[in-house]
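Numbered according to UniProt numbering, the sequence shown spans residues 1 to 87. Glycine is no exception: its CB is placed at the ideal position from the N, C-alpha and C atoms. Bear in mind that the values here come from a model prediction, so they are computed numbers and not experimental data.
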Amino acid sequence: MQQKDNVATALRDFEKGQVVTLAGEQRLHLKNHIGFGHKFALCSIKKGADITKYGEVIGVASTDIAAGEHVHLHNVEGKRGRGDQRV
1 MQQKDNVATA
11 LRDFEKGQVV
21 TLAGEQRLHL
31 KNHIGFGHKF
41 ALCSIKKGAD
51 ITKYGEVIGV
61 ASTDIAAGEH
71 VHLHNVEGKR
81 GRGDQRV
């Protein structure tokens, strides 16, 4: 993870309500089941804010996202547009 990241990737499955310890100090209560390889919010992210993973912007929040919430297609949009929508 990079210091400016606001999401992290689950390296295993996590259950809803589970507490995750990050970098040995930050404790985060997960609000949803997070499957292996899926992302979760490290902090609250406002609608319209950039989603940053590994120091790179990977999308924008399409709704407010709470810390510990699953971050996926239902609450993130790409910044380059979507292939399933016509302009």
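**OP:** Could you pull out every residue in the same chain whose Cβ sits closer than 7 Å to the Cβ of A67, ignoring the five residues on either side in sequence?
**Re:** Position 67 of the sequence shown, counted from the start, is the residue given in the question as residue 67. Here the set comprises L28, A41, L42, C43, S44.
**OP:** Evaluate G55 with the Cβ neighbour count: other Cβ atoms within 10 Å of its Cβ, from every protein chain shown; 16 or more gives buried, anything less gives exposed.
**Re:** By one-based count along the sequence shown, residue 55 stands at place 55. G55 should be labelled exposed.
Subject >> For K31, the three-state DSSP class (helix, strand or coil) >> reply: Within the sequence shown, numbered from 1, the residue matching residue 31 stands at position 31. Coil at K31, not helix or strand.
**OP:** Less than 8 Å between the CB atoms is what I'm expecting for K16 and H38, so what's the real figure, rounded?
**Re:** Residue numbering aside, residue 16 sits at position 16 when the sequence shown is read from its first letter. Residue numbering aside, residue 38 sits at position 38 when the sequence shown is read from its first letter. Rounded to whole angstroms, the Cβ separation of K16 and H38 is 13 Å, and the two are not in contact under 8 Å.
Original post:
Under three-state DSSP, which class holds F36?
Top reply: By one-based count along the sequence shown, residue 36 stands at place 36. In the structure shown, F36 sits in coil (DSSP, three-state: anything other than H, G, I, E or B).
Original post:
Would the beta-carbon of D5 fall within 8 Å of that of K53?
Top reply: Reading the sequence shown from its first residue, position 5 is the one you call residue 5. Reading the sequence shown from its first residue, position 53 is the one you call residue 53. Taking the C-beta atoms as reference points, K53 is found nearer than 8 Å to D5.
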